[in-house]
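Residue numbers (the working numbering): 12 to 463.
Let me begin by presenting the structure, written as structure tokens, before commenting on it.
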């Protein structure tokens, strides 16, 4: 059924002109919430919002199936239980990968088609937030001692030196090679020396964190794609930005919201707003397109003015960096990748259509030495992932993904960058299934890896 048909049926259900039938529920459940129809609708109808309302009506009238009820109303609301569940999934993945994909196994093992099993990421690793402090300091090496005593020159020398450092790099004062060389060139046998602590304290005041941001990790970054989360932290630290990592944050509520469990989505939204509201931060960054859309666009729909502060401060890490790219180049130096990499980019639906972020990741990729950026055809076409959709409708998901795999093949790229864990999982699977030899990574990982 085309989007226009789903729209007409959804409006009829919401207005009470049509009851819920099995056929209708099946059609509504096969919407990926990619927002392509909303984007192209000439009358500006928010089709996804309307379909979500129908799904909410389905849950209210019919209830959730037992597994969905446990996942949405129990596991996602408890971080410890969610982490434990991820560990159990990790064990299942190891067993899944161990079993052969031919013969009888190929017929009974889930997600196995034509002797090819699904590529599943390694669940069950140490959660990203576990063991990390709630506040991650910028420039952690400020406390390091300078190897030799600092000469006490006249005030004018230090003012000029600080000004030149600020213009050149604004990096960690204690480890600036430029500062060290400058001081060393000024030292003579008659210099008057003083304890370096005074200089370091002055440096902290002059070169302290330029911003303070909170990092909303989301479930997939915390439990599966921790490398992306570590890359976010690494880049922000090199930007001399202090990071607040609230341990009380929970699932953004996207699975519940898009499956129609509005009550659970509302509860999770309230908990996250309670955690992030009132934090003394300049921004709330995230590296998951779906999580970002929930915090920025959906929370105001659920909680109106109570979500305004969190919504206004929420920004995807790519946009956050791209908006400050010129400053970024001043504060850190790029190091070219070991070999030239051909990189293309896949637009996550919830980043492009959900938040309007299009140019930012491309600007970042083009700014990295060692990368040849290639724009693939239909880069913003849905890959077919859509969270739990590809679990329930795997064959449908693969059929949608085949087109994307072919466009990536045609691009000739070595690497596919994207900014959504769900897309990353789907792209890795479809590229393997359709024999496309390209690696899928989060955009911020390429940036972090390229920085000296």
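Glycine is no exception: its CB is placed at the ideal position from the N, C-alpha and C atoms.
Which parts of the region 288-376 are runs of the alpha helix (DSSP H), unbroken and 4 residues or longer, counting only runs that do not cross its ends? 300-304, 310-314, 319-324, 328-333, 336-342, 360-366
Whole-number beta carbon distance between residue 279 and residue 87, since they are thought to touch under 8 Å: Residue numbering aside, residue 87 sits at position 76 when the chain shown is read from its first letter. Residue numbering aside, residue 279 sits at position 268 when the chain shown is read from its first letter. Residue 87 to residue 279, Cβ: 7 Å. Contact.
Presumed contact (8 Å Cβ cut-off) between residue 112 and residue 128, rounded CB distance: By one-based count along the chain shown, residue 112 stands at place 101. By one-based count along the chain shown, residue 128 stands at place 117. Going by Cβ atoms, the distance from residue 112 to residue 128 rounds to 5 Å, so yes, they are a contact pair.
Residues near residue 450 by beta carbon distance below 6 Å, same chain, minus five either side: In the chain shown, counting from the first residue as 1, residue 450 sits at position 439. Contacts found: 426.
Could you tell me the alpha carbon to alpha carbon distance between residue 396 and residue 437, rounded to whole angstroms? On the chain shown, position 385 is the one that residue 396 refers to. On the chain shown, position 426 is the one that residue 437 refers to. Approximately 5 Å, taken between the alpha carbons.
Can you pull the DSSP bridge partners for residue 383? Within the chain shown, the letter at position 372 stands for residue 383. Paired residues: 353.
Based on the DSSP secondary-structure assignment, which residues constitute the bridge partners of residue 253? As a working note, residue 253 is residue 242 in the chain shown. Answer is 223, bridged to residue 253.
Starting from residue 428, follow its DSSP beta bridges and name the residues at the other end. Within the chain shown, numbered from 1, the residue matching residue 428 stands at position 417. Paired residues: 356, 452.
For residue 91, which three-state DSSP category applies? Here residue 91 refers to the residue found at position 80 when the chain shown is read from its first residue. It is helical.
Just verifying my parser: in three-state terms, what is the DSSP assignment at residue 120? Start at 1 with the first residue of the chain shown, and residue 120 comes out as number 109. Here residue 120 sits in coil by DSSP.
Which residue from 390, 330, 56, 362 puts its Cα closest to that of residue 414? Counting from 1 along the chain shown, the entry for residue 414 is found at position 403. Closest by alpha carbon: 390.
DSSP puts residue 146 in a beta bridge; with which residues? What you label residue 146 is simply residue 135 of the chain shown in a count that begins at 1. Per DSSP, 255.
Would residue 404 pass as an interface residue toward chain D - the criterion being a Cβ-Cβ separation below 8 Å? Note that chain D does not occur in the displayed structure, where there is just one protein chain.
Going by beta carbon distance, what residues of the same chain come within less than 8 Å of residue 220, once the five residues before and after it are set aside? Locating residue 220 in the chain shown gives position 209, where the first residue counts as 1. Taken in chain order, the residues that qualify are 148, 149, 150, 251, 252, 253.
Coil, strand or helix - residue 198 by DSSP: Stepping through the chain shown from its first residue, residue 198 is reached at position 187. Note on residue 198: pLDDT 45, under 50, position unreliable in the model; no value is reported.
For residue 240, which residues in the same chain have their Cβ closer than 6 Å to its Cβ, ignoring the five residues on either side in sequence? In the chain shown, the residue the question calls residue 240 occupies position 229. Taken in chain order, the residues that qualify are 139, 228, 232.
Alpha carbon of residue 107 to alpha carbon of residue 93, nearest angstrom: As a first step, residue 107 must be located in the chain shown, where it is residue number 96. As a first step, residue 93 must be located in the chain shown, where it is residue number 82. Going from the Cα of residue 107 to the Cα of residue 93 covers about 20 Å.
Quick one: using the 10 Å Cβ neighbour count with 16 as the cut-off for buried, is residue 351 buried or exposed? Here residue 351 refers to the residue found at position 340 of the chain shown. Per the 10 Å Cβ criterion, exposed.
Could you check which residue in 74, 297, 291, 300 has the C-alpha nearest to that of residue 320? Numbered from its first residue, the chain shown carries residue 320 at position 309. Closest by alpha carbon: 291.
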